[in-house]
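Visitor: Structure incoming, see below.
Numbering (the numbering used here), first residue to last: 12 to 132.
As structure tokens, then:
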């Protein structure tokens, strides 16, 4: 029953994201609105981490499985994508490098911050 309530809380933020997406004329996906609202609720203490942690860990654990339909769709359209293969590769490589560099710098910054906090305690 605990998992059902945790999942309902996460779905509520997804629903609020859908509402914001319908109301605001910004080109931001509803899922991003929902994630930002959930993050704000967690940071402000409206929702405690324990209230969504177990289902959140489960969802992130099955995350790769959620990409299977998209990958199957790409494989199905592979012949049509042949003409666009070079532009796709040219766009994917720099974005991938940018994501890796950004994630690395963020991880290093958070590690340094956590180490400083541990040293002060």
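All C-beta atoms in this analysis are idealised placements derived from N, C-alpha and C, irrespective of residue type, glycine included.
For residue 44, count neighbouring Cβ atoms within 10 angstroms of its own Cβ and tell me buried if that reaches 16, exposed if not.
Guide: The residue you call residue 44 lines up with position 33 of the chain shown. Buried, since its Cβ has 16 or more Cβ neighbours within 10 Å.
Visitor: Near residue 117, which residues of its chain fall below 7 angstroms by C-beta distance, leaving aside the five closest residues on each side in sequence?
Guide: One-based indexing of the chain shown puts residue 117 at position 106. Closer than 7 angstroms at the Cβ level, and outside the excluded window around residue 117, lies no residue.
Visitor: Quick one: give me the first and last residue of the alpha helix (DSSP H) that residue 128 is part of.
Guide: Counted from its first residue, the chain shown places residue 128 at position 117. Here the alpha helix (DSSP H) through residue 128 covers 96-131.
Visitor: Note down, in chain order, each residue of its chain lying with its Cβ closer than 7 angstroms to the Cβ of residue 29, except the 5 sequence neighbours on either side.
Guide: Position 18 of the chain shown, counting from 1, holds the residue named residue 29. 41, listed in sequence order.
Visitor: At the 8 angstroms Cβ level, is residue 58 part of the contact set with chain B, yes or no?
Guide: You won't find chain B in this structure, because it holds only one protein chain.
Visitor: Going by DSSP, what residue range makes up the alpha helix (DSSP H) through residue 54?
Guide: Within the chain shown, the letter at position 43 stands for residue 54. Note, residue 54: alpha helix (DSSP H), 41-55.
Visitor: Which value, in whole angstroms, describes the spacing of the CA atoms of residue 124 and residue 13?
Guide: Taking the first residue of the chain shown as 1, we reach residue 124 at position 113. Taking the first residue of the chain shown as 1, we reach residue 13 at position 2. In a straight line, the C-alpha of residue 124 is about 33 angstroms away from that of residue 13.
Visitor: Please report the straight-line C-alpha distance between residue 57 and residue 101, rounded to a whole angstrom.
Guide: Counted from its first residue, the chain shown places residue 57 at position 46. Counted from its first residue, the chain shown places residue 101 at position 90. For residue 57 and residue 101, the distance between alpha carbons rounds to 43 angstroms.
Visitor: Determine the contact status of residue 9 and residue 27, defining contact as a CB-CB distance below 8 angstroms.
Guide: Summary: the structure shown does not reach residue 9, with the chain confined to residues 12 through 132, and so no result is reported for it.
Visitor: If you draw a straight line from the C-alpha of residue 21 to the C-alpha of residue 63, how long is it?
Guide: Numbered from 1 along the chain shown, position 10 holds the residue referred to as residue 21. Numbered from 1 along the chain shown, position 52 holds the residue referred to as residue 63. If I take the Cα positions, the gap works out to 7 angstroms.
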